[in-house]
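See structure below.
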Amino acid sequence: MWRTKAPLGAASWFRCGGTAQRLFLPPDDAALEAFLTQNAAPVTILGAMANTIIRDGGVPGVTIRLGPGFADVTHIDTCQIRAGAGALNGTIAAAAAKAGIGGLAFLSGIPGTIGGALAMNAGAYGGEMADVVQAVYALDTQGRAVTLTPADMRFAYRASAPPPGLIFTGALLRGQARPPAAIWAEMESIKRKRLETQPIRERTGGSTFANPSPEDCAQAGFPEGTKAWQVVARVGGRGLAIGGAKMSEQHCNFMVNTGTATATDLEALGEEIRRRALDAFGLTLRWEIARVGVAKGPALRSS
Ligand SMILES: Cc1cc2nc3c(=O)[nH]c(=O)nc-3n(C[C@H](O)[C@H](O)[C@H](O)COP(=O)(O)OP(=O)(O)OC[C@H]3O[C@@H](n4cnc5c(N)ncnc54)[C@H](O)[C@@H]3O)c2cc1C
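Throughout the sequence shown, residue numbering follows my numbering, covering 220 to 522 in sequence.
Following this line, the structure appears as structure tokens:
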């Protein structure tokens, strides 16, 4: 349940970065609640780390990752499914397809857990968490159970802003009845599109930067709807490398660890692109990838 100096970066999708000073893997709600009731140390909550850079200096305090007791997926009725926050997005999408619940297929190609998907308002191919969340179950910093409505989550594009310090433990998701065969076909099509356009077999963290807002596009003189990858391409980012970190040639908003990257390389590469976008267009690219822990080496500009 407890580990000290536990490798964390090595278990992230980027496969690099530091350790957790103390790692807590609660087996269930009761263990998490008991810990939070007594804890005074800073807490970092992580899922599968598919959207996170673990800085090389490691994560101080207590890092929590939810154990198998948080991975249950229960089919409630023809439209609703309840999932523990540690359940994988792909597992939930498959369970929904089997139960004939449409509207959750978008989760099928998004690596990581539903806890991370809630925090990031993850989405793809026309769907996002904000469309399907009915309720979110969480524990607050004192271990008290809280139920949040979609409004409480304050979902925005690839972001949410619930009251601070909450650890999501599960969610109730709602779709609509649809023939399973149609849902499986949709999931197959998503899989094909991803394989064609994204370096999903590499060590990556998904989209590095969020797409610029309409206001940011207007200010930078870009047409509305300009994508982050187009900005990255315009500033010479495609294939740009620092150390072992590289912006993918296949999809230049995806950063990859080519094998020898440190977390410092990854973050420095992202900051270099941000600097170029700011210098060239007055545009501040927003990191979509979360970065946690302490930087090692030269100080990095924060977002
Ligand atoms: C190849 C690839 C493709 C991707 N494609 C997409 C895509 O199409 N669309 C998309 O939106 N994302 C995409 N991503 C990013 C990522 O898959 C999603 O953001 C995913 O939902 C992250 O889940 P995670 O469990 O890995 O979260 P983590 O990376 O571990 O954490 C992300 C954030 O969520 C918070 N968090 C995690 N669990 C909890 C919890 N239980 N309670 C409170 N906060 C929590 C963390 O503190 C952190 O801030 C992609 C990533 C990869 C590697």
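Positions of the beta carbon are idealized from the N, C-alpha and C atoms, including for glycine. Predicted model, so just to flag it, every value in this text is computed and none were measured.
Would you kindly work out how many angstroms separate the C-alpha atoms of residue 256 and residue 360, rounded to a whole number? Stepping through the sequence shown from its first residue, residue 256 is reached at position 37. Stepping through the sequence shown from its first residue, residue 360 is reached at position 141. Between residue 256 and residue 360, the C-alpha separation is close to 8 Å.
Residues in the same chain with beta-carbon distance under 7 Å from residue 368, minus the five sequence neighbours each way, listed in chain order, please. Position 149 of the sequence shown, counted from the start, is the residue given in the question as residue 368. Cβ neighbours of residue 368 beyond the five flanking positions: 354.
Can you tell me where the alpha helix (DSSP H) holding residue 399 begins and where it ends? The count along the sequence shown starts at 1 and reaches residue 399 at position 180. Note, residue 399: alpha helix (DSSP H), 399-416.
With a cut-off of 8 Å, do at least 3 Cβ pairs link the stretch 295-313 to the stretch 384-400? yes
Sequence-distant residues of its chain with Cβ nearer than 8 Å to residue 287 (five each side left out): Locating residue 287 in the sequence shown gives position 68, where the first residue counts as 1. The residues are 246, 305.
Starting from residue 255, trace the alpha helix (DSSP H) both ways and give me its first and last residue. In the sequence shown, counting from the first residue as 1, residue 255 sits at position 36. From DSSP, the alpha helix (DSSP H) with residue 255 extends over 248-257.
How many angstroms separate the CA atom of residue 311 from the CA atom of residue 425? Within the sequence shown, the letter at position 92 stands for residue 311. Within the sequence shown, the letter at position 206 stands for residue 425. Computed Cα separation, rounded: 19 Å.
Residue 419 - DSSP class collapsed to helix/strand/coil: Counting from 1 along the sequence shown, the entry for residue 419 is found at position 200. Coil at residue 419, not helix or strand.
CB of residue 269 within 8 Å of CB of residue 330, strictly: Counted from its first residue, the sequence shown places residue 269 at position 50. Counted from its first residue, the sequence shown places residue 330 at position 111. Contact flag set, yes.
Would you list, in sequence order, the uninterrupted alpha helix (DSSP H) runs of no fewer than 4 residues that lie entirely inside the stretch 321-346? 333-339
Can you have a look at residue 220 and say buried or exposed, based on whether 16 or more other CB atoms are within 10 angstroms of its CB? Here residue 220 refers to the residue found at position 1 of the sequence shown. Exposed.
Assuming residue 496 contacts residue 454 (C-beta within less than 8 Å), just tell me the rounded distance between them. Numbered from 1 along the sequence shown, position 277 holds the residue referred to as residue 496. Numbered from 1 along the sequence shown, position 235 holds the residue referred to as residue 454. With 8 Å as the limit, residue 496 and residue 454 qualify as a contact, their Cβ atoms being about 5 Å apart.
Mind checking who residue 194 pairs with in its DSSP beta bridge? No statement about residue 194 is possible, as the shown extent of the chain runs from 220 to 522 and does not include it.
Where the beta strand (DSSP E) through residue 310 begins and ends: By one-based count along the sequence shown, residue 310 stands at place 91. No beta strand (DSSP E) contains residue 310, which is instead part of the alpha helix (DSSP H) from 308-318.
Assign residue 492 to one of three DSSP states: helix, strand, or coil. Here residue 492 refers to the residue found at position 273 when the sequence shown is read from its first residue. The answer is helix: DSSP assigns residue 492 an H, G or I state.
Beta carbon of residue 464, beta carbon of residue 480: below 8 Å? As a working note, residue 464 is residue 245 in the sequence shown. As a working note, residue 480 is residue 261 in the sequence shown. Their beta carbons are under 8 Å apart, which means residue 464 touches residue 480 by this criterion.
With 16 other CB atoms within 10 Å as the buried threshold, where does residue 366 fall? Taking the first residue of the sequence shown as position 1, residue 366 is located at position 147. Exposed.
Let's see if you can read the secondary structure: which residues bound the beta strand (DSSP E) around residue 511? Residue 511 sits at position 292 when you count from the first residue of the sequence shown. It spans 509-511 - the beta strand (DSSP E) in which residue 511 sits, taken as one unbroken run.
With distances taken between CB atoms, is the gap from residue 349 to residue 374 smaller than 8 Å? Within the sequence shown, residue 349 is the residue found at index 130, counting from 1. Within the sequence shown, residue 374 is the residue found at index 155, counting from 1. Yes, the Cβ-Cβ distance between residue 349 and residue 374 is below 8 Å.
Keeping to the same chain, check which residues put their C-beta closer than 6 Å to that of residue 242; ignore five residues upstream and five downstream. Walking along the sequence shown from the start, residue 242 turns up at place 23. The answer, listed in chain order, is 222, 225, 282.
Work out the CA separation of residue 244 and residue 421 for me, nearest whole Å. Position 202 of the sequence shown, counted from the first residue, corresponds to residue 421. Position 25 of the sequence shown, counted from the first residue, corresponds to residue 244. Whole-angstrom Cα-Cα distance: 27 Å.
Does the distance between the C-beta of residue 226 and the nearest non-hydrogen atom of ligand 1 fall short of 7 Å? For this step, residue 226 is matched to residue 7 along the sequence shown. No; taking the cut-off as 7 Å, the Cβ of residue 226 has no heavy atom of ligand 1 nearer than that.
With the cut-off set at 8 Å, would you say residue 510 and residue 284 are in Cβ contact? Counting from 1 along the sequence shown, the entry for residue 510 is found at position 291. Counting from 1 along the sequence shown, the entry for residue 284 is found at position 65. Cβ atoms of residue 510 and residue 284: not closer than 8 Å.
Looking at C-alpha atoms only, which residue of 239, 280, 327 is the closest neighbour of residue 258? Here residue 258 corresponds to residue number 39 of the sequence shown, with the count starting at 1. Among 239, 280, 327, the Cα nearest to that of residue 258 belongs to 280.
Roughly how many angstroms separate the alpha carbons of residue 345 and residue 328, rounded to a whole number? What you label residue 345 is simply residue 126 of the sequence shown in a count that begins at 1. What you label residue 328 is simply residue 109 of the sequence shown in a count that begins at 1. Cα to Cα, the separation comes out at about 13 Å.
Euclidean distance between Cα positions of residue 376 and residue 403: Counting from 1 along the sequence shown, the entry for residue 376 is found at position 157. Counting from 1 along the sequence shown, the entry for residue 403 is found at position 184. Near 26 Å, if we compare the C-alpha coordinates of residue 403 and residue 376.
So, under 8 Å CB-CB, residue 485 and residue 325 are touching, yes? Tell me the CB distance rounded to an integer number of Å. By one-based count along the sequence shown, residue 485 stands at place 266. By one-based count along the sequence shown, residue 325 stands at place 106. In fact, because the Cβ distance is near 26 Å, the residues do not count as touching under 8 Å.
Return the residue from the list 461, 276, 388, 460 that minimises the CA-CA distance to residue 249. Sequence index remark: in the sequence shown, residue 249 carries index 30 (1-based). Of 461, 276, 388, 460, the residue nearest in Cα terms is 388.
Cβ of residue 432 within 7 Å of any heavy atom in ligand 1? Here residue 432 is taken as the residue at index 213 of the sequence shown, counted from 1. Not under cutoff, so the answer is no.
Cα-Cα, which of 230, 432, 499 is closest to residue 506? Here residue 506 refers to the residue found at position 287 when the sequence shown is read from its first residue. Cα-wise, what sits closest to residue 506 is 432.
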